[in-house]
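The opening position of the sequence shown corresponds to residue 172 in the working numbering, with each subsequent residue numbered one higher. Built from N, CA and C at the ideal position, the CB exists for glycine as well.
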Amino acid sequence: MAKRFRLYLLTVLSLVIFQIGNSQYGFTNEVGVFAGAYNLQSDFGERQNFESSTNTGFAVGIVHYMNFSYRRNYNFTNSQGFFNEHFKIKSELSYNQTGLEHFGTWVDETRTSENAERLRSHTGKAKNFNIGAQLEFYPFEIRDFENGRRNFIPFAAFGFQYTWFNPEVYTTYNGSTDINNLDNFYLPWQVDQDPFLSTEAGSTFSLVGGLGTRYKLTPLTDLLLELRWQYYFDDFIDGLDHKLPSNQSNDWAVWFTLGYVIYWER
């Protein structure tokens, strides 16, 4: 996994360097960083029970934008001109992490069974590296914002990411750290001997979509605020896939981040 991750990272960095070196052929580069909150909605909690919103950690990352609004062949009257003035392409490398606890009916404080105690003692940690790209749409003209005629400019984004996940699973049931203590609760819902707990690292694709806004700080710097939704094509991001009727969907997450972007050249 580490070797494959280094290969992907090297590929992305090479593409960014190539883009920076060739920006005079069609686009301006922007680079930035961001940080914020990351909430994982997973099998630690029942479907439509948003108590699990307290399973919130952090996210950090670096970004690169391809900005086409300063192309020499800019023209309002053609479709290429519309794309240049309303779209940017973003590439991203990020890391997120959050601790996990159970919420919902099965661990309600009124329940005193052994199974309820097993679940209350079951915790975990989700740790993910992400790499991906998004297309951002700006309803107002990008050049107006960058020339100072607007202080704010909203955007909508859609894209994909590839995620390397490495979950951790813990239990303190009866003073023991043996995760097999959870078997009695989950075994009745086990399907075809599929595991319901896993601490193995893996990887998967995900879809991402978001809404945000930029605020112009200086002619060459912006603040960036974004609310993002991410849907994983795997249910072991949290190390748990219990197959219970109360939650059979894959893991998904919400990000809320603040970023800082610099225009590399103009």
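Using 8 Å for Cβ pairs, my map puts T283 next to P325. What's the rounded Cβ distance?
As a first step, residue 283 must be located in the sequence shown, where it is residue number 112. As a first step, residue 325 must be located in the sequence shown, where it is residue number 154. That pair is no contact at about 50 Å.
Going by beta carbon distance, what residues of the same chain come within less than 6 Å of G380, once the five residues before and after it are set aside?
Counting from 1 along the sequence shown, the entry for residue 380 is found at position 209. Once the five neighbours on either side are set aside, the close Cβ partners of G380 are F329 and W400.
Residue from D409, N345 and L415 with nearest C-alpha to A372
On the sequence shown, residue 372 is found 201 positions in, with the first residue counted as 1. Nearest option by C-alpha distance: D409.
What residue does the alpha helix (DSSP H) around L290 start on, and which one ends it?
As a first step, residue 290 must be located in the sequence shown, where it is residue number 119. Per DSSP, L290 belongs to the alpha helix (DSSP H) from E285 to R291.
Which residues in the same chain have their Cβ closer than 6 Å to the Cβ of L382, if we skip the five residues on either side of it in sequence?
In the sequence shown, the residue the question calls residue 382 occupies position 211. These residues qualify, in order along the chain: A327 and L398.
What's the gap between the Cα of N226 and the Cα of H293?
Taking the first residue of the sequence shown as 1, we reach residue 226 at position 55. Taking the first residue of the sequence shown as 1, we reach residue 293 at position 122. Spanning the two alpha carbons is a distance of roughly 13 Å.
Report the option in F229, S262, E263 and S240 whose CA atom is closest to the CA atom of G252.
As a first step, residue 252 is located in the sequence shown; it is residue number 81 there, counting from the start. With distances taken between Cα atoms, G252 lies closest to S240.
Note down, in chain order, each residue of its chain lying with its Cβ closer than 6 Å to the Cβ of W426, except the 5 sequence neighbours on either side.
Along the sequence shown, read from residue 1 onward, the residue named residue 426 stands at position 255. Correct list, in chain order: Y209, A230 and R399.
On a Cα-Cα basis, can you pick out the residue from L391, V432, F367 and Q268 that is closest to F300?
Position 129 of the sequence shown, counted from the start, is the residue given in the question as residue 300. Closest option to F300, Cα to Cα, is Q268.
Pick from Q212, N238, T375 and V234: whose alpha carbon is nearest that of A206?
Within the sequence shown, the letter at position 35 stands for residue 206. Taking only the C-alpha atoms, the option nearest A206 is V234.
Does DSSP classify W277 as helix, strand or coil?
Sequence index remark: in the sequence shown, residue 277 carries index 106 (1-based). Looking at W277 - three-state DSSP - the assignment turns out to be helix.
Boundaries of the alpha helix (DSSP H) in which R399 is found, first to last residue:
Against the sequence shown, residue 399 aligns to sequence position 228. Where R399 is concerned, there is no enclosing alpha helix (DSSP H), although the beta strand (DSSP E) it sits in stretches over T392 to Y403.
Which residue from T375, N345, N351 and P310 puts its Cα closest to that of N337?
The residue you call residue 337 lines up with position 166 of the sequence shown. Taking only the C-alpha atoms, the option nearest N337 is T375.
Nearest by alpha-carbon distance to F331: which of G346, E307 and S377 is it?
Mapped onto the sequence shown, residue 331 falls at position 160. Of G346, E307 and S377, the residue nearest in Cα terms is S377.
Nearest-angstrom beta carbon gap, T392 and V432 [assumed within contact, 8 Å]
Numbered from 1 along the sequence shown, position 261 holds the residue referred to as residue 432. Numbered from 1 along the sequence shown, position 221 holds the residue referred to as residue 392. Contact flag correct, Cβ pair sits at about 7 Å.
How many Å lie between G472 and S265 at the Cα?
Residue 472 falls outside the range modelled here, since the chain spans only 172 to 437, and no answer is possible.
Distance between Y341 and S420 (C-alpha atoms, nearest Å):
For the purposes of this step, residue 420 is taken as residue 249 along the sequence shown, with counting starting at 1. For the purposes of this step, residue 341 is taken as residue 170 along the sequence shown, with counting starting at 1. Computed Cα separation, rounded: 22 Å.
C-alpha distance - I350 paired with S262, whole-angstrom precision
For this step, residue 350 is matched to residue 179 along the sequence shown. For this step, residue 262 is matched to residue 91 along the sequence shown. Taking the straight line from one Cα to the other gives about 38 Å.
Grab me the residues of N244's own chain with a C-beta within less than 7 Å of its C-beta, minus the 5 sequence neighbours each way, in chain order.
In the sequence shown, the residue the question calls residue 244 occupies position 73. Residue placement at N244 cannot be trusted, given a pLDDT of 46 that sits under 50; the coordinates are not used to answer.
Collapsed DSSP secondary structure at R314 in the structure displayed:
Within the sequence shown, the letter at position 143 stands for residue 314. Here R314 sits in helix by DSSP.
Got a sec? Which residues, its chain only, sit under 6 Å from M237 by beta carbon, not counting five neighbours each side?
Counting from 1 along the sequence shown, the entry for residue 237 is found at position 66. Cβ neighbours of M237 beyond the five flanking positions: F198 and I260.
Less than 8 Å between C-beta atoms, sequence neighbours within five positions excluded: which residues of the same chain meet that for T348?
Your numbering for residue 348 matches position 177 in the sequence shown. Y341 and T342.
Are there 16 or more other CB atoms within 10 angstroms of the CB of T334, so buried, or fewer, so exposed?
Within the sequence shown, numbered from 1, the residue matching residue 334 stands at position 163. Buried.
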